[in-house]
Amino acid sequence: MHFNLRSAYAIYRREMARAFRTAFQSILSPVLTTSLYFVVFGSVIGARMEPVGGVPYGAFIIPGLLMLTLLGETTSNASFGIYMPRFTGTIYELLSAPVGVAETLVGFVGAAATKGLILAAIILGTATFFVDYQITHPVLAAFYIMLVAASFALFGFILGIWADSFEKLGIIPLLILTPLTFLGGTFYSIRDLPAPWDAVAFANPIAFLVSGLRWTFYGTADVPIAVSLGLTLGFLALCVTIIAVIFRTGWRLRE
Amino acid sequence: MNEPILSIRGLTKTYRGGTRALDNVDLDIRPGEIFALLGPNGAGKTTLIGAVCGLVRPSGGTITAFGHDLARDWRSARARIGLVPQELSTDMFETVWRAVAYSQGLFGKPHDAARIEEILRSLSLWDKKDAQIRALSGGMKRRVLIAKALAHDPELLFLDEPTAGVDVELRKGMWEQIARLKERGVTIILTTHYIEEAEEMADRVGIIQGGRILMVDEKHAMMERLGTTEAVIDLAVPLGQLPPEVAAFPVELGEGSTRLIYRGGTGAGGGAAEVAQLTQALTRAGIAYNSIDIHDSSLEDIFVGLLGEQEVPA
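Chains as they are written, first to last, in the UniProt record's numbering: chain A, 1 to 255; chain B, 1 to 314.
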């Protein structure tokens with residue numbers, strides 16, 4: 001398979017430059033929002049809460065808050081990255097260039113995932129100012145964060161191709177991802193929910209992601225880490241397959 | 001004759017909804033030429049360019065560029081093709097330099113600052129290299145699009161309405177730039193509404209209407225074959241009818257019988273000589289006249305005439 005590294009790097013570099021050009025919106029805004037969560041739920045309310053599964057409440061909510069930002073931002077970044085060229089017409093250049101699905105994904109999705117990772121690092125750094133925590137499996141945590149960032153950047157890419165208006169672009173992150181993350185055990189353990197809501201909560205795929213990241217942090221979670229990893233990898237594979245089909249058929253890209 | 005740099009056979013495009021934008025188009029482009037594709041709005045010019053450049057999925061037919069079948073070896077072919085779109089589509093918040101450097105990288109070329117500088121200088125954009133594109137005038141934005149298209153040194157360049165909305169002075173400047181590209185060996189295909197642009201620059205002209213190529217020919221050959229001479233003779237006294245010695249010429253009376261209008265000859269000449277004979281015949285017949293206005297038909301006259309013929313129902 002042919003892969004043009006220079007093309008992929010050109011896309012990646014431009015997308016990263018776009019993020020730094022809009023640093024307030026891309027980086028500062030989500031970090032500020034997450035910091036407020038840490039202050040309110042971690043320091044103020046968290047100090048009065050019982051530990052959850054042996055983990056102090058302030059530390060318990062870190063993986064969920066991290067996931068909340070990671071999912072929303074990587075999805076929005078990737079969707080915006082491909083939607084804007086479609087909206088402004090600059091996609092002509094990408095379509096007429098000697099680049100295929102691989103270069104496009106490495107460029108757009110790689111940049112969105114990188115931005116997600118930068119955000120995650122800043123959020124974790126910020127968290128140390130408000131709560132004490134230690135990561136039990138740091139390497140696995142880093143890998144899992146990368147996996148989730150890449151998966152949702154791919155998802156965002158699909159969203160950016162599907163959307164034909166700014167409204168549609170915002171619907172999924174705001175009306176689906178954010179509520180599902182809140183209800184996916186960000187602020188509580190799903191096992192603490194009364195029946196039948198504990199079972200209902202597991203119909204929410206985001207619950208498995210939050211649980212997986214929490215396991216890498218504290219070695220304890222609502223579902224086994226293998227299940228979370230398997231689901232995330234499956235979601236990534238599904239997104240890659242959908243994007244490959246989009247490029248082969250030209251859906252919403254080529255007339 | 002050299003092998004065509006671009007060869008299109010049976011190209012058809014039917015959009016969803018049934019609009020047939022291209023209908024069995026055959027076209028060969030020769031290396032190093034400037035080819036002007038003329039046609040009214042909706043004729044299929046932009047669709048044809050889009051099909052070659054990968055923006056439009058053809059419904060049928062084959063496109064071969066540099067000997068590569070575009071359906072299979074699209075990477076090799078696209079790396080050698082440049083496109084300047086009709087719309088001013090570019091990231092308005094980027095600087096000129098970054099925009100051109102991005103295009104260079106996107107097409108797989110290593111970063112070459114010297115080449116970017118050369119392109120920007122040749123397009124009089126060097127002073128604006130650090131300016132955001134949104135701060136530039138319309139003409140400069142169009143030149144940025146040309147700079148982006150040239151960043152990977154294409155051998156085949158598509159210019160879709162390159163001078164649309166550009167003032168006369170700038171248009172002439174662009175013609176000079178296009179001529180310089182031709183001197184460097186770049187093959188250029190341009191679409192335009194300004195027939196004088198094609199008349200000024202093109203080696204060959206293709207006329208497209210309703211998705212079909214009506215005619216392709218050398219510009220001079222087309223003008224010789226289809227061109228005519230028109231002479232308007234302003235008569236001193238209105239004529240009731242044409243005397244026999246004048247009626248033998250291809251003439252008619254116009255505007256209250258005070259004008260004698262001659263249409264004849266060919267683009268290769270002959271018309272002017274016949275007009276001279278006509279004036280002698282008028283003198284012999286004792287018909288006085290005040291002035292003669294004579295001109296050869298332009299490419300625009302031919303273009304309008306051809307399209308007019310097509311619109312007449314069979």
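All C-beta atoms, glycine included, are put in the ideal place defined by N, C-alpha and C. This one's a predicted model, so the numbers in the text were calculated from it and none came from an experiment.
Not a single C-beta of chain B is nearer than 8 Å to the C-beta of A:G81. The DSSP-derived three-state label of B:K13 is strand. Looking only at B:G138, B:M222, B:L106, the smallest Cα-Cα distance to B:I81 is reached by B:L106. For the pair A:T75 and A:L140, the CB atoms are not nearer than the 8 Å cut-off. Taking a beta-carbon distance threshold of 8 Å, A:Y92 counts as an interface residue toward chain B. One Cα belongs to A:R13, the other to B:S103, and the distance between them is close to 12 Å. Scanning chain B for C-beta atoms nearer than 7 Å to the C-beta of A:A10 yields Y102, G105, L106, reported in chain order. In the three-state scheme derived from DSSP, where H, G and I count as helix and E and B as strand, B:R75 is classed as helix. For A:M49, the secondary structure class from DSSP, reduced to helix, strand or coil, is coil.
With 16 or more other Cβ atoms from the protein chains shown falling within 10 Å of its own Cβ, B:T64 counts as buried. Here B:V246 is near B:A281, since their CB atoms are less than 8 Å apart. Of all residues in the stretch 95-121 of chain A, only L95, S96, A97, P98, V99, G100 place a beta-carbon less than 8 Å from a beta-carbon of chain B. At a cut-off of 8 Å between beta-carbon atoms, A:R14 makes contact with chain B. The residues E117, L120, in chain order, have a CB closer than 8 Å to that of B:W126 in the same chain once the five nearest residues on each side in sequence are set aside. Annotated as distal: A:G58 and A:G72, with beta-carbon spacing of 8 Å or more. Contact between A:G116 and A:A153 holds, since their C-beta atoms are separated by about 7 Å, short of 8 Å. Per DSSP, A:M67 lies in no beta strand (DSSP E) segment; the continuous alpha helix (DSSP H) that holds it begins and ends at 62-88.
Here B:A113 is exposed: its Cβ has fewer than 16 other Cβ atoms, across all protein chains shown, within 10 Å. Unbroken alpha helix (DSSP H) stretches of 4 residues or longer found wholly inside the stretch 38-126 of chain B: 45-53, 74-78, 96-106, 113-122, given in chain order.
When only Cα atoms are considered, A:S151 and A:I82 end up about 16 Å apart.
In the structure shown, B:Q132 falls within a strand segment according to DSSP collapsed to helix, strand and coil. Runs of the beta strand (DSSP E) lying entirely within the stretch 181-234 of chain B and spanning at least 3 residues, in chain order: 187-192, 204-209, 212-218.
Counting C-beta atoms within 10 angstroms of its own C-beta, A:A207 has 16 or more neighbours from the protein chains shown and is therefore classed as buried. For A:Y218, the enclosing alpha helix (DSSP H) stretches over residues 205-218.
Where B:V251 is concerned, the enclosing beta strand (DSSP E) starts and stops at 251-254. Put simply, the backbone Cα of A:P179 is about 43 Å away from that of B:D130.
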